[in-house]
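One structure is given below, encoded as structure tokens.
Chains as they are written, first to last, in the working numbering: chain A, 1 to 114; chain B, 1001 to 1114.
Structure, rendered in structure tokens:
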């Protein structure tokens, strides 16, 4: 069955360091992968989308890589700040033709300490 | 545009009661999605609409759940004869299918079934 896994343990880092979050998937051939941020009690907020033919994508302090051979995406936040503390979700398209239906990982909670 | 809105934000009900939630998507978006999220998990897909047509329903969506989008604008999700296992955050998201695959989420409705 299709499966998406993210680091289940919370990630604690010091302000200014780079946070790296991992998303692995099996039994999928997604056309794209997305990363969302979710704060407690709120809906997810879209951050970045990377397509299967793209290796890397950047947006300000964020960088995402997508390795379709390893079936893995890495999400980096450089020069992290306490305001980056949140849960980060990766999501893949379901593989069904153009439904837009997303399959989410369980999320990784990031805590950035001042 | 103010984004996706959902009402109510919180709902507490007794087991066996019916509840209805509303989602107002971003106005020009033709796709609308419903997801359910429990604590410590990522959102799980329930159903989606393109305009007023409901195109896919998850197996998670039992016969007690029904969703509508009568005029291709707002949507409602009704749960009949609620059970304690229905307690969760119900998230709505919208997208414009011809402009890529980013989904914009609402703040969610937190349902507690006593």
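Idealized CB from N, CA, C, for every residue including glycine.
If distances are taken between C-alpha atoms only, which option among the options comes closest to residue i?
i, options, result
"residue 1/A", "16/A, 26/A, 14/A and 74/A", "26/A"
"residue 10/A", "55/A, 87/A and 74/A", "87/A"
"residue 1060/B", "1045/B, 1068/B, 1082/B and 1054/B", "1045/B"
"residue 109/A", "55/A, 15/A, 37/A and 16/A", "37/A"
"residue 82/A", "39/A, 114/A, 49/A and 28/A", "114/A"
Are the Cβ atoms of residue i and residue j separated by less than 8 angstroms?
i, j, result
"residue 43/A", "residue 1042/B", "no"
"residue 72/A", "residue 24/A", "yes"
"residue 1037/B", "residue 1091/B", "yes"
"residue 1101/B", "residue 32/A", "yes"
"residue 35/A", "residue 75/A", "yes"
"residue 80/A", "residue 20/A", "no"
"residue 1070/B", "residue 1006/B", "no"
"residue 92/A", "residue 1103/B", "no"
"residue 1009/B", "residue 1110/B", "yes"
"residue 99/A", "residue 1056/B", "yes"
"residue 52/A", "residue 69/A", "no"
Do you know how far the Cα of residue j is from the Cα of residue i?
i, j, result
"residue 1063/B", "residue 64/A", "40 angstroms"
"residue 1004/B", "residue 1028/B", "11 angstroms"
"residue 111/A", "residue 1066/B", "38 angstroms"
"residue 1026/B", "residue 45/A", "14 angstroms"
"residue 1040/B", "residue 41/A", "12 angstroms"
"residue 77/A", "residue 30/A", "23 angstroms"
"residue 47/A", "residue 1114/B", "36 angstroms"
"residue 3/A", "residue 1024/B", "31 angstroms"
"residue 54/A", "residue 13/A", "28 angstroms"
"residue 56/A", "residue 50/A", "7 angstroms"
"residue 90/A", "residue 1013/B", "32 angstroms"
Let's see if you can read the secondary structure: which residues bound the beta strand (DSSP E) around residue i?
i, result
"residue 28/A", "Where residue 28/A is concerned, there is no enclosing beta strand (DSSP E), given that its DSSP letter is neither H nor E."
"residue 1088/B", "1088-1095"
"residue 115/A", "Since the first residue of chain A shown is 1 and the last is 114, residue 115/A is not available in this structure."
"residue 1014/B", "Element bounds for residue 1014/B: n/a, residue is neither H nor E."
Handout entry: Residues within the region 1065-1094 of chain B neighbouring chain D, beta-carbon criterion of under 9 angstroms
Key = Structure shown: chain D not included; protein chains present are A and B.
Exercise for the section: Report yes or no: do three or more beta-carbon pairs, one from the region 55-74 of chain A and one from the region 1014-1028 of chain B, lie closer than 8 angstroms? Expected result: no
Problem - the region 1030-1045 of chain B / the region 1089-1108 of chain B touching (three or more Cβ pairs under 8 angstroms) - result: yes
Handout entry: Validate contact between the region 1068-1084 of chain B and the region 1046-1053 of chain B using beta carbons, cut 8 angstroms, 3 pairs
Key = yes
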